[in-house]
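A.B. asks: Take this structure first; my questions come after.
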Amino acid sequence: NLDDKVLAELAEDLPMDGSMNFKLANQQRSSQMYYAGQLPPNNLLNPIAWAKFIQAWKNGDFKRKDNE
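Using the numbering used here, you'd call the opening residue of the sequence shown number 122 and step up by one each time.
Structure follows, in structure tokens:
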């Protein structure tokens, strides 16, 4: 009954309730206010983000997985 995988699947299927909506709205507004008057960060020139992308590419994380 309390298997973590089952609970995670059930949580994904449930719609957001009022407190979750409130928290999400506050997080988005806080992020907007933090970057007010300036551009948000862009990871295009971030070498660490590029290294993670290349490593994921080499690992095959972007390959299409057929469920057959």
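Note that CB positions come from ideal geometry on N, CA and C, so glycine has one too.
No experiment lies behind these values; they were computed from the predicted model shown.
Provide the residue span of the alpha helix (DSSP H) that contains ALA177, from first to last.
C.D. replies: For the purposes of this step, residue 177 is taken as residue 56 along the sequence shown, with counting starting at 1. ALA177 -> alpha helix (DSSP H) spans 168-180.
A.B. asks: Please check the pair ALA170 and ASN164, which I expect to be a contact at CB under 8 Å, by giving their CB distance rounded to whole angstroms.
C.D. replies: Your numbering for residue 170 matches position 49 in the sequence shown. Your numbering for residue 164 matches position 43 in the sequence shown. Right, the Cβ-Cβ distance comes to about 4 Å (below 8 Å), so this counts as a contact.
A.B. asks: If I follow the unbroken alpha helix (DSSP H) through LEU145, where does it start and stop?
C.D. replies: What you label residue 145 is simply residue 24 of the sequence shown in a count that begins at 1. Looking at the DSSP string, the run of the alpha helix (DSSP H) that includes LEU145 is 139-155.
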